[in-house]
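Novice: Sharing a structure below in structure tokens format, with a few things to ask.
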Amino acid sequence: MFYLIKYYKHLMILACFFPVLYGGLHILGKRSWSSIKAWAAGYHLFKGKRLLSLVILLVFLLNFFMLPLYEGRNASAEISLNYAKASQGLNPNGTRYNQMDILGGEVLERAIEKGALTGVGVNDLKEVLSVGPLVQGASHSEDAYFISTQFGIYYNASPNTAHLKGETLLTLVTEAYKEWFIREYSENIRVLKLDFTETEKEDYLDICEFLRKQAEAIGRYMLTLSGEEAAFQSQSSGETFQSISSQAYTVADVMVERLEAYVLEDGISKETGRYVERLKIQNVFKDFDARKAAAASENNLTAISMYENDMARIVLVPTYDTNYQFYMSQTRIGIDDFAADADSFANSKTAIHSEMARNEHVVQMLSGRYEPDGINEKAELLISQIEAELNRLARAAQNLVKEFSNRQANEYMTITVFTREQQAASIIMEIFAYTLLFAVCIHICMLGVHINKNSRKRSGGT
């Protein structure tokens, strides 16, 4: 039955071909066209052709039953990419777009899982599904180049998938592809997944530094997304990228600062001796780095003073700017690099000295402490409050990013699966077209028979 449905249209064309061939041979085999016209004029479409009309009616009923089954074994869908980079053949993140990802193994596995499809595997679906651009350019000239942003997905049933409904399968596949696309190209929220388990082993000032970095990371990430769409607002919480960023920086600048001030003021440490020794060792290495930066800066200044007179000659070269306006360009000279390097090394030395001064301040504060080593209840309470606030902000940020990514993904892609209802008009047209074709062909055959019969009578009469 499967192959009868699959090749039904071919069988219909064959059923039309042989009557036309038979009738055509009889008609064209007559040399007297005037006689053919006269005999054709005497041919009646309905008179005495009750059986023929019944056959045509039966073919119509057969088409009415078989053609919808044929179309049910075939289905199509359309995917349109709506983001700007799609016209350049790129994904939203700038990587090369590949249309074959639509029928990738991961997508098809997800489609089978979503639909709880039985009796079929990924390879079965790959055999019956195909994808291609709806509009395709050519490579013979630059004028013919075209990057398609619309792709058609086509389903042609096989014996292994005959039990599946085509439009349902394509709906599952396109939905699975959309999920994969959203997951693959949505914003990365790993920075918002916080883990504070390791901080329990650290000293309090290290915990302060870690918490500050976590808060600043959330703040920077939200500011980055705010640059993409500052007005975006969560439908559930009303938060914006800017509001969450502001709260994160408040945690860093207020709550963490309060914790750090308390730790320094009271000289709190879980193990003072080890922490102080670590800071002193750090300062030894930092002092070496500062001396190295100072020497590098001095070397560059010395080079400038040695070669300044020879290298500072200005040469103007005639050239054009991007607007094709003529101007005289000054050449770049080596002394500029020496000056830039000297400034960079000087700034590094200043930054290192600042870090050393802070370490010395911490050593001084801890050395004059009066609190015993170990766990401090107030510090632990402040840390718990900061962690709770950061977790709250991270959850709010994750929800906001997911809403933003889902909305973007919905705008990225438009999916249309053509249903039987949408194809009803074309199916009805096909039913009438194949029935009319068969009727015309069978009447051509009967006309040939009619002409041949009259020709024999005439030959017998003469």
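Going by my numbering, the sequence shown opens with residue 66, and the numbers climb by one from there.
Glycine included, each C-beta is placed from N, C-alpha and C at the ideal position.
Fair warning: this is a prediction, and the values are worked out from it, not measured in the lab.
Closer than 7 Å by C-beta to Asp438: which residues in its own chain qualify, once you throw out the five before and the five after it? Chain order, please.
Specialist: Here the set comprises Ser334, Lys335, Glu336, Thr337.
Novice: Determine the closest residue to Leu79 out of Ile507, Leu90, Leu512, Met511, with distance taken between C-alpha atoms.
Specialist: Looking at the Cα atoms, Ile507 is the closest of the given residues.
Novice: Taking 8 Å as the threshold, find out whether the region 486–500 comes into contact with the region 255–270 through three or more Cβ pairs.
Specialist: no
Novice: By DSSP's criteria, Leu465 is part of a beta bridge. Which residues make up the other side?
Specialist: Answer is none; Leu465 lacks a bridge partner.
Novice: Return no unless some Cβ of chain B is closer than 9 Å to the Cβ of Gln300.
Specialist: Absent from the structure is chain B; it holds one protein chain and no more.
Novice: Buried or exposed, going by whether 16 or more other CB atoms sit within 10 Å of the CB of Met371?
Specialist: exposed
Novice: Would you decide whether Asp408 is buried or exposed? Buried here means 16 or more other CB atoms lie within 10 Å of its CB.
Specialist: exposed
Novice: Counting C-beta neighbours from all protein chains within 10 Å, is the total for Glu207 16 or more, i.e. buried, or is it exposed?
Specialist: A caution first: Glu207 carries a pLDDT of 48, below 50, which makes its placement in the model unreliable, though a value can still be read off. Counting Cβ neighbours within 10 Å, Glu207 comes out exposed, since fewer than 16 surround it.
Novice: Go to Ile247, then tell me how far its alpha helix (DSSP H) extends in each direction, as first and last residue.
Specialist: 231–250
Novice: Roughly how many angstroms lie between the CA atoms of Ile247 and Phe350, to the nearest whole one?
Specialist: 47 Å
Novice: Take Thr484 and list the residues in its own chain whose beta-carbon comes closer than 6 Å to its own, dropping the five residues that flank it on each side.
Specialist: Glu232
Novice: Return yes when at least one heavy atom of the ligand HEM lies under 8 Å from the C-beta of Glu452, else no.
Specialist: Of the ligands one can find in the structure shown there are none, so the ligand HEM has no counterpart to examine.
Novice: Specify, as a first and last residue, the run of the beta strand (DSSP E) that Asn479 falls within.
Specialist: Looking at the sequence provided, one finds Thr at residue 479 rather than Asn. 478–482 is the span of the beta strand (DSSP E), which, as asked, contains Thr479.
Novice: Starting from Phe306, follow the alpha helix (DSSP H) in both directions and report where the run begins and ends.
Specialist: 306–315
Novice: Who are the near neighbours of Phe275 in its chain, counting only those whose CB is closer than 6 Å to its CB and skipping five residues on each side?
Specialist: Thr264
Novice: Could you give the DSSP three-state label for Ser204: helix, strand or coil?
Specialist: Bear in mind that the predicted position of Ser204 carries a pLDDT of just 48, short of 50, making it too unreliable to give a figure here.
Novice: Between the Cα of Tyr477 and the Cα atoms of Val185, Leu290, Ile144, Met287, which residue gives the shortest distance?
Specialist: Ile144
Novice: In chain order, what residues of the same chain have a beta carbon less than 6 Å from the beta carbon of Ile167, not counting five sequence neighbours either side?
Specialist: Here the set comprises Val196, Tyr242.
Novice: Quick one: using the 10 Å Cβ neighbour count with 16 as the cut-off for buried, is Asp268 buried or exposed?
Specialist: buried
Novice: Assuming Gly217 and Leu199 make a contact with CB atoms under 8 Å, what is their CB distance in whole Å?
Specialist: 5 Å
Novice: Enumerate in chain order the residues of its own chain whose CB-to-CB distance from Tyr340 is below 6 Å, with the five nearest sequence positions on each side excluded.
Specialist: Asp268, Ser334
Novice: Please classify Asn441 as buried or exposed, where buried requires at least 16 other C-beta atoms within 10 Å of its C-beta.
Specialist: buried
Novice: What would DSSP say about Pro198, mapped onto helix, strand or coil?
Specialist: Three-state DSSP puts Pro198 in a strand.
Novice: With 16 other CB atoms within 10 Å as the buried threshold, where does Leu182 fall?
Specialist: buried
Novice: To the nearest angstrom, how far is the alpha carbon of Ile212 from that of Ser141?
Specialist: Their backbone Cα atoms lie some 21 Å apart in a straight line.
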